[in-house]
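One structure is given here, and the rest of the page talks about it.
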Amino acid sequence: MDLWLEWARGPLFRIAIAFLILGLVRHVAIAVFEIAWAVRRAGDKNIPYRKLARATLAWLVPAGKLGHRPLYGLTTLAFHVSIVIVPLFLGGHIALWARATDLAWPAIPNLLADVLTVIATAAAVLLVIERIAARGPQMLSRFSDYAFPLLIAVVFGSGFLAMHPALSPVAFRPALLVHALGANLILIFIPFSKLSHVILMPLTHLISEVAWHFPPHAGSEVGLALGKENEPV
Amino acid sequence: MSAYAMLTDTTLCIGCEACVDACKKVNGLGPDRLWPEQKAIDDLSATRYTTILRRPGPRYVRQQCRHCVDPACASACLVGAMHKTPEGPVVYDSGRCMGCRYCMVACPYGIPRYDWNKAVPYVRKCTMCYDRLKAGKLPACEEACPEKATIFGEREALLKVARQRLRDNPRKYVQRIYGETEVGGTSVLMISDIPLDFLAWKPRLADQPLPQLTWAALSKVPPVVIGVGGLMAGIYWVIGRRMKMQALAAAAAEQAAQAAEDPRAGEKGRE
Amino acid sequence: MNQRLRIVKSILWALVGVWTVVSVGRFAHGLGPSTGLSNAAPWGLWIAFDVLGGVALAAGGFVLAAVVYIFGIERYRPLVRPAILTAFLGYVAVAVGLVYDLGLPWHIWHPMIYPQDHSVLFEVAMCVMLYLTVLALEFAPVVLEHPLFSHPFFRGVHTLLKKSTIWLVIAGIILSTLHQSSLGSLFLIVPYRLDPLWYTPIIYILFFISAVGLGLATLIMESLASGWLFGHRMRKDLLSRLGLAASVVLGLYVLVRLADLARHGLLARAFDGSWQANLFLFEMGIGFVLPCILLAVPRLRTSLPGLATGSFLVIFGVVLNRFTVSILAFAKPPGVTYFPTWPELAVSLGVVSGATLIFIFFVEHLKVYSEDDHAHPGEPGYIKPWRPSFDPATLHGLTPEWLAGPRRYSLVAIAGASLAVGLLPRGMLTKPEPLRTPVARARTVEAMQVDHGRGKRVEFRLVGSDAGAPAGVKTVPVMLIDGDRNGRIVFFPHDEIAEKLGGDTACAECHHLNLPFDRNTACAACHCDMYEEADIFNHATHIDHLNGNAGCGRCHDDPSRVKSRATATACVQCHADMIAVEPFLDKSQKETMTGLAPGYMNAMHDLCVACHELKVKENPNEYPASFAQCDFCHGESENIDLQRLGPYVALDKDGANGAATPGRNGID
Chain A
0 MDLWLEWARG
10 PLFRIAIAFL
20 ILGLVRHVAI
30 AVFEIAWAVR
40 RAGDKNIPYR
50 KLARATLAWL
60 VPAGKLGHRP
70 LYGLTTLAFH
80 VSIVIVPLFL
90 GGHIALWARA
100 TDLAWPAIPN
110 LLADVLTVIA
120 TAAAVLLVIE
130 RIAARGPQML
140 SRFSDYAFPL
150 LIAVVFGSGF
160 LAMHPALSPV
170 AFRPALLVHA
180 LGANLILIFI
190 PFSKLSHVIL
200 MPLTHLISEV
210 AWHFPPHAGS
220 EVGLALGKEN
230 EPV
Chain B
0 MSAYAMLTDT
10 TLCIGCEACV
20 DACKKVNGLG
30 PDRLWPEQKA
40 IDDLSATRYT
50 TILRRPGPRY
60 VRQQCRHCVD
70 PACASACLVG
80 AMHKTPEGPV
90 VYDSGRCMGC
100 RYCMVACPYG
110 IPRYDWNKAV
120 PYVRKCTMCY
130 DRLKAGKLPA
140 CEEACPEKAT
150 IFGEREALLK
160 VARQRLRDNP
170 RKYVQRIYGE
180 TEVGGTSVLM
190 ISDIPLDFLA
200 WKPRLADQPL
210 PQLTWAALSK
220 VPPVVIGVGG
230 LMAGIYWVIG
240 RRMKMQALAA
250 AAAEQAAQAA
260 EDPRAGEKGR
270 E
Chain C
0 MNQRLRIVKS
10 ILWALVGVWT
20 VVSVGRFAHG
30 LGPSTGLSNA
40 APWGLWIAFD
50 VLGGVALAAG
60 GFVLAAVVYI
70 FGIERYRPLV
80 RPAILTAFLG
90 YVAVAVGLVY
100 DLGLPWHIWH
110 PMIYPQDHSV
120 LFEVAMCVML
130 YLTVLALEFA
140 PVVLEHPLFS
150 HPFFRGVHTL
160 LKKSTIWLVI
170 AGIILSTLHQ
180 SSLGSLFLIV
190 PYRLDPLWYT
200 PIIYILFFIS
210 AVGLGLATLI
220 MESLASGWLF
230 GHRMRKDLLS
240 RLGLAASVVL
250 GLYVLVRLAD
260 LARHGLLARA
270 FDGSWQANLF
280 LFEMGIGFVL
290 PCILLAVPRL
300 RTSLPGLATG
310 SFLVIFGVVL
320 NRFTVSILAF
330 AKPPGVTYFP
340 TWPELAVSLG
350 VVSGATLIFI
360 FFVEHLKVYS
370 EDDHAHPGEP
380 GYIKPWRPSF
390 DPATLHGLTP
400 EWLAGPRRYS
410 LVAIAGASLA
420 VGLLPRGMLT
430 KPEPLRTPVA
440 RARTVEAMQV
450 DHGRGKRVEF
460 RLVGSDAGAP
470 AGVKTVPVML
480 IDGDRNGRIV
490 FFPHDEIAEK
500 LGGDTACAEC
510 HHLNLPFDRN
520 TACAACHCDM
530 YEEADIFNHA
540 THIDHLNGNA
550 GCGRCHDDPS
560 RVKSRATATA
570 CVQCHADMIA
580 VEPFLDKSQK
590 ETMTGLAPGY
600 MNAMHDLCVA
610 CHELKVKENP
620 NEYPASFAQC
630 DFCHGESENI
640 DLQRLGPYVA
650 LDKDGANGAA
660 TPGRNGID
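So the protein lines, in turn, are chains A, B and C.
Residues in the first sequence are numbered consecutively from 0, following numbering that gives the first Met the number 0.
Residues in the second sequence are numbered consecutively from 0, following numbering that gives the first Met the number 0.
Residues in the third sequence are numbered consecutively from 0, following numbering that gives the first Met the number 0.
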């Protein structure tokens, strides 16, 4: 058990974090090329920075959505805030980083972490329920759309149990092992799945903004390029 | 001025390691640690330029750079980072070294050590306290030795001392001054009551300095450059010329054949 | 693009990914953690394969240039361009491999400003540098043909280079002759380390001949491989002629080598059954004689499998020869071996993969194979078809086709890189740590005690197990302290010293910490490493003994703090009885005990030497200065006949008598 734990926290975590970082860098790099390509082809070379910032911000702070679909908006906001803050600023995690790299940064109080963890777990479960309940999303959903929130719920739940062994029905080390393995799984999946929206969200907006700015006569130019300029479109 | 040297008489050594301590202090080497690159913690290492080898008996044999008179390491080094000073010590210039470790390969006594666990590594070995010599001081180990097992002086004088000791105690000593002639002689001489062959890679080292072996090949470089260059240019010229001649001949033959076939064509060509 | 090429490129990119990560570890923490090199084996895989092997493998360039340009044998012209490109990339790979092997690679240019012309390596370095330049100039026209360089300036350079080809070729042949042979001369300076079956004063001639043979074989292999990869028409007629040439060269090599051995009277040694002799026979048989025969038989030489086998064996044989000369037959002290670590292998493979990818890139974008006549991007009249491609990772994204390659290969590269991050050895990730030296417990034996009087050290002589002590001689139990079992023993008359310190009440003077249920824990139980600090806190045991989850709060008592070693309560809070009341050692340690025990040697010295020095200071009449000197304890230890300690030594080998070594599984 201890060996498994050491493995999950050591080599496996290194693989996961490296894959996460390199994978996200890869997404950004490819997106940059895509944007360059899109800009080169676009008729309107202006990049609407203000509009982009607004769109991204609107996604980050779903104030509008709060009014539109209050329950969903609230759940998703709480969920996202929690799952960003707790893994990065939990004291125990920072202690692990410090042990491995001598890097450390301020931690949030354990009590706040506990509250956020409970919120994240509950919100993840709630999101799945909402997805099942609402007809539109249900039709569009794939397996992964249910699996990821549940995986996140498992990771946060087991993390909470590891933090509070006195309250836990399972032993400390199994709880910690589930927590570590699940977390590594998520890290590895981020660049591979819809979870890549952590980095791609603003870039997607940028690409779609730029790529669809074709000049008015774009259609006839396509014909020109294809050598079919005289044929009717 | 004759070059300086050191003479170690292993029969006088009590294995106290005062020389090791003094060496560490003078060179600022710090404590030893057991790295995978060495067999024992008291092997020669980047933090230990000299050590005491224990042989059955007990006998204590000091191991350090032998400061060869014609050092293989200095001849191997492609940037002259290792070099023999006129005073006797073989010293190392870390500013020139590129870290190829050919000196470690070349040393017949296997002395130079490397900073294997540093991102900026240097070759490490005894310098016979060259800086202290220049300042008019003695090597630290010689100064520290409580039994005067290691003494310092001019090489010729030390050879005399060694010969005298061998003569005075012919039954006690192995009748050989280690370092007098092998590989062209070394500036660290040793006399002992046990054979010290184990200090080198092979029991009997020849008297020929090792750099002579590579020089035998290296001195052939200029003739090879001229020979190969000349040969290639010559062949190119000969073959090129022959091909040109062949082409001309072929053309001429073709022309002749054509001319024979159609005499009028030949006349036309001449017009 | 064909499937085969795509798979090969994917594998190569994955290897490049691994290589990138290994590079970071190599340059961050030095050669020690990343390689298997040691003081006795200072040259390893990177010299044997990347440098010695790489230079020889790239010999095809100058051989073929000589054949076509000097000897005017025009039928080989189609092979010239790939041969020059292979040679150029081969030498680039050599230079890159060398950067990894050099301790101070940023001084790689020093031979130019600090020449030392008596060094063979200096000659090699200069030749390789110049030859790399020559090869670059020889290949440059191929690059300048690309429409990208249609500017008149580049056209002018192109013409100039074309005109000077013959001079470049001659310079290349001179330089190659020099350094291919000089790589052998490197080993002239080690007559005492290199086995006589390989050491010969004409080793440079052998290196040169074998390099020519290897160069020819590499040309064949490379043509076969690129034919397979790109689906080119293979010039079998040309290749089998090259095979014949290689066979002749190998035959010459075998003759020269055997004649040289015979001249030195070493032929008999090659058959004496020692491992060196067997290695020699293997190398000569499989690597030289067999391919020489294979390539000499016309029927085999003209078939693809025959050609492939023959040229592969040549490559194997010559590279093995370089390994043998620089590693296998190179003397090391007994017990020292060299075996490359996986990061070393990853660098070698990565460098080769990178060079191969560049080769493929050049073949795809330049006219390397003259019959390769499909249209190139950038050429007039070439319109690239546009097709959407999807990201293999996320399965979305509508991108230009030219991004399809980067998308695929970047994915395999980062997969390789991430795996490497996970598998890197400890020392390459964090600061390198020295080896551990487990400590064996001291053992008690009966010994005769010889007292030489006040101030002199008390001598002990072991009693033979059969004979026993002579009648009338006093024997006492004495502990043999030799933590690392190197035979240098300190005699420690435990009972006598305990008596002197005050009998039964004095245990705590030295036994400052005792394990639970143990009255006088042996020193080696905690100080379980000879030189390094050891972690003696066992988290798993504590969890088990404190009833699992319920017990966490016993040590991690403040729920608002991070649970770590630093914030846990001190051991003494629970284990009051574990720590002796009045240890001779610094008593302040009691409150700050962290679970880290100093190394055995330091612990012994701190305790014994400190006490001895104190006694000398307090009571100089009874304890003269010699009482506090090294010699007093570390005396005549060499005199011990360890054979007589048979049972103890044997027990130690089984580990039954070894020290308790608490595992390092603290959770903090």
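Ideal placement from N, C-alpha and C gives every residue a C-beta, glycine not left out.
Taking a beta-carbon distance threshold of 8 Å, proline 32 of chain C counts as an interface residue toward chain B. Its chain contains Ala47 as the residues whose beta carbon lies nearer than 6 Å to that of phenylalanine 322 of chain C, once the 5 sequence neighbours on both sides are disregarded; these appear in chain order. Taking 8 Å as the upper bound for CB-CB distance, glycine 305 of chain C and leucine 299 of chain C are in contact here, some 3 Å apart. For lysine 23 of chain B, the uninterrupted alpha helix (DSSP H) run begins and ends at 17-26, by DSSP.
Here the alpha carbon of leucine 150 of chain A sits roughly 48 Å from the alpha carbon of valine 91 of chain C. For alanine 7 of chain A, not one C-beta of chain C is nearer than 8 Å to its own C-beta. With its beta carbon at least 8 Å from every one in chain C, glutamine 62 of chain B lies outside the interface. For arginine 53 of chain B, the closest C-alpha among the options B/Leu198, B/Ala161, B/Val187 is that of B/Leu198.
By the 16-neighbour rule on beta-carbons within 10 angstroms, leucine 254 of chain C is exposed. Within the model, the alpha-carbon separation for alanine 21 of chain B versus threonine 49 of chain B is close to 10 Å.
Interface flag for proline 339 of chain C against chain B is unset, since no Cβ pair is found closer than 8 Å. When the five nearest sequence neighbours on each side are left out, the beta carbons in the same chain lying within less than 7 Å of the beta carbon of leucine 30 of chain C are those of Leu36, Gly102, in order along the chain.
Between isoleucine 83 of chain C and leucine 209 of chain B, the CB-CB gap reaches or exceeds 8 Å. As DSSP reads the structure, alanine 533 of chain C sits in a beta bridge with C/Ala596. For phenylalanine 171 of chain A, the nearest beta carbon of chain C is closer than 8 Å to its own beta carbon. Neighbours of threonine 213 of chain B across chain C, judged by C-beta separation under 7 Å: Val119, Ser184, Leu187, Ile188. Valine 17 of chain C and alanine 328 of chain C do not touch by the CB rule: their CB atoms are close to 31 Å apart, not below 8 Å. Taking C-beta atoms as the reference points, alanine 523 of chain C and glycine 482 of chain C count as a pair closer than 8 Å. Note that the C-beta distance between proline 424 of chain C and arginine 25 of chain C is not below 8 Å. Cβ atoms of threonine 568 of chain C and cysteine 551 of chain C stay farther apart than 8 Å, at about 12 Å.
In the structure shown, glutamine 245 of chain B falls within a helical segment according to DSSP collapsed to helix, strand and coil. One Cα belongs to proline 190 of chain A, the other to alanine 15 of chain A, and the distance between them is close to 10 Å. The three-state secondary structure of cysteine 67 of chain B, taken from DSSP, is strand. Assigned with DSSP and collapsed to three states, serine 37 of chain C falls in strand. No Cβ-Cβ contact shorter than 8 Å links valine 104 of chain B with tyrosine 113 of chain B. If only uninterrupted beta strand (DSSP E) runs of at least 3 residues are considered, those enclosed by the segment 150-221 of chain B are 187-190.
Within the same chain, Cβ atoms closer than 7 Å to the Cβ of glutamate 531 of chain C are found at Pro433, Arg435, Gly598, the five residues on either side in sequence being excluded.
Per DSSP, arginine 61 of chain B is not a residue of any alpha helix (DSSP H); the beta strand (DSSP E) it occupies stretches across 58-62. In this chain, alanine 446 of chain C is not harboured by any alpha helix (DSSP H); it is covered by the beta strand (DSSP E) spanning 442-449. Interface annotation for the segment 550-568 of chain C against chain A: Cys551, Gly552, Pro558, Ser559, Arg560, Val561, Lys562, Ser563, criterion Cβ-Cβ distance under 8 Å. When only Cα atoms are considered, alanine 57 of chain C and glycine 94 of chain B end up about 32 Å apart. With fewer than 16 other Cβ atoms from the protein chains shown falling within 10 Å of its own Cβ, valine 27 of chain A counts as exposed. When 9 Å is used as the limit between beta carbons, alanine 17 of chain A is near these residues of chain C: Val20, Ile413, Ala416, Ser417, Leu418, Ala419, Val420, Gly421, in chain order. Using a Cβ-Cβ cut-off of 8 Å, proline 10 of chain A counts as an interface residue toward chain C, since at least one Cβ of chain C sits closer than that to its own. By the neighbour-count criterion, in which a residue is buried when 16 or more other Cβ atoms sit within 10 angstroms of its Cβ, leucine 120 of chain C is buried.
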